[in-house]
Each structure stands twice: as C-alpha cells, then as structure tokens.
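All the letters of the sequence shown, read from the start, carry residue numbers 1 to 319 under the UniProt record's numbering. Ideal Cβ placement from N, Cα and C applies to all residues, glycine included. Treat the numbers as computed from the prediction; the structure is a model and nothing was measured. Structure, as structure tokens:
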Amino acid sequence: TYFSIGGGFIVEEHEESSGSTGLSRAPYPFGSGEELLDMANSAGLSIAQLKMENEKTERSESEVRAGILHIRQVMKECIGSSLERMGYLPGPLKVRCRAGQWHRDLLAEDPKKSPEFAIDWVNLIALAVNEENAFGGRIVTAPTNGASGIIPAVLHYALNYVPSVRHRGQKVIDDAVVDFFLAAASIGALYKKRASISGAEVGCQGEVGTASSMAAAGLAQVMGGTNEQVENAAEIAMEHNLGLTCDPVGGLVQIPCIERNAMAASNAVTAAKMALRGDGQHRVSLDQVIETMRQTGEDMSHRYKETSMGVLAVNVVEC
C-alpha cells in the first residue's frame, strides 16, 4: 500500500507509519534552518553541497544530477507545450490563455534577452506552467501543483540573467540547475517538516509562499550567496507571503492562482537580490518565519483554506 503525503511524495505503508524518510542515515540530518547553517558552515559546505551529501546516502552523485536534470527537462517541456496554446482555459470561468500571446510579444520586443525584460520573462514562465496545469498537462509539483510555476520561472531567471551562468556553456548551466534545486529542496524540506506545504492546511502561504521561499534560496545559491544569504533569501520571500489565503474561484486552480505564481516568482527574485545586498545578518530567522507561517495557518479560518468558501471565491461572480 502506498500513501501520498503531499508535494508529490509517495511512501509505502511501513514508511508512513514509522515516519521513516532516510534522514537518519544522512550525514547531515538537519531539522531546522539553524541546524542547516551550523552543519554546513562547520563542514565547509554550501547548502547545495550539504544537500548533495545527504542525497548520496540513497543514490550516487551522478544519479542525483541525472534526476535533477530530468526534472528540469520536464519543466522545459511543460513550458514549451503551454506556449503553443491559445484560446481559453477549461471550465466555466472563461479565463483566456495568455502565455502563448505574451511569448510572441516578448520575442518581438526582446529578441536578445535584455535584462530590462527579465521580470517579463519570469512572469511569462510562471503563467505558462500554471496554464498547463489548468489544462491537466504534465507538470512538476514544486512543491505543489498550485505553486508549480514559481520555481521554473525563477530558475529561468537564474540561467538567463545571472552573469556567472549566462552564456557560460552547458556544464555551467547544468551545475547551476543542480545547485538551484538542491538549495531549494533543503528549504522546502524545512517547511514540510516544521509547518505544511498544503493550502488545505495553512492556506496559500504554505504553497505559493513555500515555493517562493524555495526559489529565492535556489537563486541566491546560484548567484554565489553565502549560506547565511541563502537562508536570508528564503526568509524574506516567506515573510511577505504570510497570511496568504487559498481562495480558488469556482474551485479551479486558475483565479487567482495563475497570476499569484507570477507575483510570487517576482517576489523570490527580489528576495534573493535583497539578501545578496546584505551580509547575511538579519533580525528574523527562517525558523521564526516558518513557525509564524504554521501558527498563522492554524489560526486561519477554514474558509480560507482551499474550500472556495471565502475571499475571492465568493466575491467573484462566475459567469
């Protein structure tokens, strides 16, 4: 018997009952942001490197890299499929597909990928992934379906607008993808362990907020941030998603979900840039903001947790 435990994770019955995840075998079994920083700094490792060492308890480094690059390829295929679509999303809301037309417009306006248009491309990628999700296409839960556009969008920024990566060859690009995902996964694991990544449990702060936090950490890692700056980027991104409700109009992951992914992706880019402007010292820790998110989610009315019984879901008329 297998159980879905959220975020695309599947465990067998004995694992579900025992809580076994393989963490006990990992050389760096961090359970908090503070432990993550202490272990990484003591070992002289980046957050991405520490995560790789933990992953190597289950599979070889080459297998980890291949798995990550496969995930990246699935994301690219998802985006490509969505950019070909026109018309309307499925369902009664009659939401127009925007990614395809936006892509045509951006190609005409920005053929050389100028930094001036960076956020436009981030927004486009986020929209494209979530429109593909609305069509029931193949996506990557990152960490959930409803927040699946944020990490691909911010990764696009990392690969196309970070000077140390852009135009540096496939090996550099692949290394950046791997580091991005490893750092992001380290942060995502903390939210899953210490709070929740489910909109039905803690509202959209647990889905879009967590994805934004993960993406900010991944970008900060690729930009050359210290461990403290990576943790700070993750904290900033979540701090400004606290209290975010999950209020899908008509029960569909379209309004406000699609645009919300674009906003959260832009938020992640800003968070990473802010963190790298500092020295890693900051007043609010990642652990504190994760606990605040958890408490806020517990206090939040059930109407704001994926039930479509409150907020936009009751104030937007379905026509």
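Sequence-distant residues of its chain with Cβ nearer than 7 Å to residue i (five each side left out)
i	result
residue 340	As shown, the chain starts at 1 and ends at 319. That puts residue 340 outside it, with no answer to give.
G31	K193
M52	E61, V64, L182
V165	A158, L159, V172, I173, A176, V222
I236	A216, A271, M274, A275
V314	none
L37	N227, E228, E231
G203	L244, T245, C246, G297, M300, Y304, K305
R98	L127
N41	N227
Simplified DSSP assignment, three categories, for residue i
i	result
R25	helix
E12	strand
K94	coil
K305	strand
N227	helix
G19	Per-residue confidence for G19 stands at a pLDDT of 49, beneath the threshold of 50, marking its modelled position as unreliable; the derived number appears in the next sentence. Here G19 sits in coil by DSSP.
V317	coil
Cβ-Cβ separation, residue j to residue i (assumed contact under 8 Å), whole Å
i	j	result
M86	V162	Going by Cβ atoms, the distance from M86 to V162 rounds to 32 Å, so no, they are not a contact pair.
G206	M293	7 Å
A195	A217	About 15 Å; that fails the 8 Å criterion.
G33	E231	6 Å
P152	M75	4 Å
Straight-line gap, residue i to residue j (C-alpha atoms, nearest Å)
i	j	result
R65	V172	13 Å
I258	L127	6 Å
V129	K56	30 Å
R283	L159	30 Å
G44	L244	36 Å
I71	V140	7 Å
G137	L89	12 Å
R96	Q254	10 Å
V316	K94	13 Å
I150	E84	20 Å
L106	S114	11 Å
R59	D287	29 Å
L50	H167	27 Å
G67	K112	31 Å
F135	R104	20 Å
P29	I79	35 Å
V178	M39	20 Å
G146	P256	10 Å
E35	Y191	14 Å
Residues near residue i in its chain [Cβ-Cβ closer than 6 Å; skip 5 each side]
i	result
L155	F180
E228	G280
A26	N54, T57
G225	L276
M214	A184, I187, G188
Residue i and residue j closer than 8 Å at C-beta
i	j	result
V311	D247	yes
A233	A275	yes
L69	W102	no
A264	S212	yes
K305	E201	yes
G251	S301	no
residue 368	I47	Here the chain covers residues 1 to 319 and nothing more, so residue 368 does not appear.
E12	S82	no
is_contact[residue i, chain D] using C-beta, thresh 8 Å
i	result
G297	Absent from the structure is chain D; it holds one protein chain and no more.
Sequence-distant residues of its chain with Cβ nearer than 8 Å to residue i (five each side left out)
i	result
L242	Q205, G209, V289, T292, M293, T296
D110	E116, F117, D120, W121
E77	R138
S266	I119, V122, N123
S285	G33, E34, E231, E235
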